[in-house]
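Throughout the sequence shown, residue numbering follows our numbering, covering 29 to 290 in sequence.
First comes the structure, then the notes that go with it.
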Amino acid sequence: MKRVVIQGILGNMGTEVMKAVSSASDLNLVGAVDLSNSTSVKFHEKEIPLFNNVNECIKNTSPDILVDFSASKPLMSAASICLPNKISIVSGTTGVSEEDLVKIKSLSDEHQTGVIYASNFAIGAVLMIHIAKLVSTFFDNAEINEAHHENKIDAPSGTSISIARAIISGRKSNEPLVSSITETEVIKGSRGADYEGVKIHASRMPGMLAQHNLIFGTSGQTLEIKHNTINRDCYMPGVIRAIRDVQNHKTLIIGLENILGL
């Protein structure tokens with residue numbers, strides 16, 4: 029049975045991961061990390077030891093895998109401690125920079141310990157990214173409209189950036205995407221952010237959880253691909269799949285699609 033700890037367990041995603049891991053017969057939730065004065069988290073009748081730093085958690089629980097849904101700084105701290113100790117990591121923390129991922133890969137390769145990082149664990153969102161890559165070679169214009177709840181700390185979302193990267197990587201020609209030029213931008217920024225020709229528009233408001241809408245355009249037609257997240261339950265099958273798979277790898281795997289055979 030794999031021994032699991034969760035960093036960021038008191039957050040919305042951490043709580044859902046706690047429920048999912050606790051319900052899996054082959055996983056044993058042995059500890060948690062979060063900023064709190066409490067010494068445990070209770071789920072049903074089980075008391076889960078809670079620590080306010082990852083080092084103490086590891087010393088006291090001896091986990092096989094750390095699941096991280098916190099922030100970029102705690103993730104980097106966990107990577108510097110876990111990977112030298114052969115503790116694999118599954119993370120969906122948002123706002124992680126390219127530089128951070130390079131550092132994680134270096135640690136993962138050096139210590140031959142697997143890390144799975146995904147901007148989105150919902151199977152539908154992963155399929156959307158995959159489809160975007162397949163379709164991109166046939167269209168020259170692409171725009172992404174994404175909307176999230178008001179408490180999301182970063183913009184644009186990691187998923188929208190992953191979609192944009194998939195579009196760029198899927199193009200077979202060397203010609204860049206066409207980003208239509210607006211002669212007069214009455215309010216600066218109204219055409220959205222630009223990622224190598226892909227325009228990205230981000231909304232943050234109460235009442236939303238997560239939505240990504242990708243629109244491809246060419247002469248006389250458009251193709252629209254949309255994914256809605258209704259609740260956080262949709263992420264859990266992907267998270268559990270990654271937890272079960274991560275110890276089979278000795279390097280950093282970016283994107284759930286790379287363990288789903290897409």
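Think of the CB as a built atom: it goes at the ideal place given N, C-alpha and C, for glycine as much as any other residue.
Helix, strand or coil, according to DSSP, for N40 in the structure here? The residue you call residue 40 lines up with position 12 of the sequence shown. Correct three-state label for N40: helix.
Note down, in chain order, each residue of its chain lying with its Cβ closer than 8 Å to the Cβ of K227, except the 5 sequence neighbours on either side. Residue mapping note: residue 227 aligns to position 199 of the sequence shown, counting from 1. Once the five neighbours on either side are set aside, the close Cβ partners of K227 are A170, E171, I172, S207, R219, G220, A221.
State the DSSP-derived secondary structure class of S51, mapped to helix, strand or coil. Against the sequence shown, residue 51 aligns to sequence position 23. In the structure shown, S51 sits in a helix (DSSP, three-state: H, G or I).
E84 lies in the alpha helix (DSSP H); which residues open and close that run? Indexing the sequence shown from 1 puts residue 84 at position 56. Unbroken alpha helix (DSSP H) run through E84: 82-89.
Just the Cα atoms here: how many angstroms apart are D128 and M104? For the purposes of this step, residue 128 is identified with residue 100 of the sequence shown, where counting begins at 1. For the purposes of this step, residue 104 is identified with residue 76 of the sequence shown, where counting begins at 1. Whole-angstrom Cα-Cα distance: 7 Å.
Rounded Cβ spacing between S136 and L111 (contact assumed at less than 8 Å): If you number the sequence shown from 1, residue 136 lands on position 108. If you number the sequence shown from 1, residue 111 lands on position 83. That pair is a contact at about 6 Å.
Rounded to a whole number of angstroms, what is the C-alpha to C-alpha distance between K254 and T43? Start at 1 with the first residue of the sequence shown, and residue 254 comes out as number 226. Start at 1 with the first residue of the sequence shown, and residue 43 comes out as number 15. Near 27 Å, if we compare the C-alpha coordinates of T43 and K254.
Going by DSSP in three states, N241 sits in which element: helix, strand or coil? For this step, residue 241 is matched to residue 213 along the sequence shown. Three-state result, N241: strand.
S116 vs G142 beta-carbon contact at 7 Å: Counting from 1 along the sequence shown, the entry for residue 116 is found at position 88. Counting from 1 along the sequence shown, the entry for residue 142 is found at position 114. Yes, the Cβ-Cβ distance between S116 and G142 is below 7 Å.
Once the 5 residues before and after A270 are set aside, which same chain residues still bring their CB inside 6 Å of it? In the sequence shown, counting from the first residue as 1, residue 270 sits at position 242. So the list reads V118, I144, once near-sequence residues are dropped.
Do the stretch 272-281 and the stretch 149-161 meet, that is, are 3 or more Cβ pairs less than 8 Å apart? Counting Cβ pairs under 8 Å, fewer than three are found: no touch.
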